[in-house]
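Have a look at the structure below, then the notes.
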Amino acid sequence: MQKNINLRGHEVFTFQWSKRGEALVILHGGLSHSEKVKKYLLPAVKRDFKVFAYDRTGHGRTANQKGSIRFNFQTKELIAFLEDVVKEPAH
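The sequence shown lines up with residues 2 to 92 when you count with the numbering used here.
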């Protein structure tokens, strides 16, 4: 499943695959986006994990925001994703 969500005030493009197993959050690199996760990593893990991914702000289908390149912003965004979307312990 893929969709845009409101993550504490800004739109973020997200993916979730499989509904069984422990949660696994896959983060893309700085010059990437979640479509690459889907293409290259998903086949290896989707049978064993409930897989979550999102396009970090300024990447893929998530628009840029002022300050989003800062580590503090990206850390808060990941914490919000874990708390508001994943809602369980994750790898």
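C-beta atoms are modelled at their ideal positions from N, C-alpha and C, and glycine is treated no differently.
- In this structure, DSSP gives Asn65 a state outside helix and strand, which the three-state scheme calls coil.
- Counting the other Cβ atoms within 10 Å of the Cβ of Gly61 gives 16 or more, which makes it buried.
- Of the residues assessed, Glu78 falls on the buried side of the cut-off, its CB having 16 or more other CB atoms within 10 angstroms.
- With 16 or more other Cβ atoms inside 10 Å of its own Cβ, Tyr55 counts as buried.
- Within the same chain, Cβ atoms closer than 7 angstroms to the Cβ of Leu42 are found at Ile27, the five residues on either side in sequence being excluded.
- In the three-state reduction of the DSSP assignment, Ile6 falls in the strand class, which pools E and B.
- Glu23 and Arg71 have their alpha carbons spaced roughly 30 angstroms apart.
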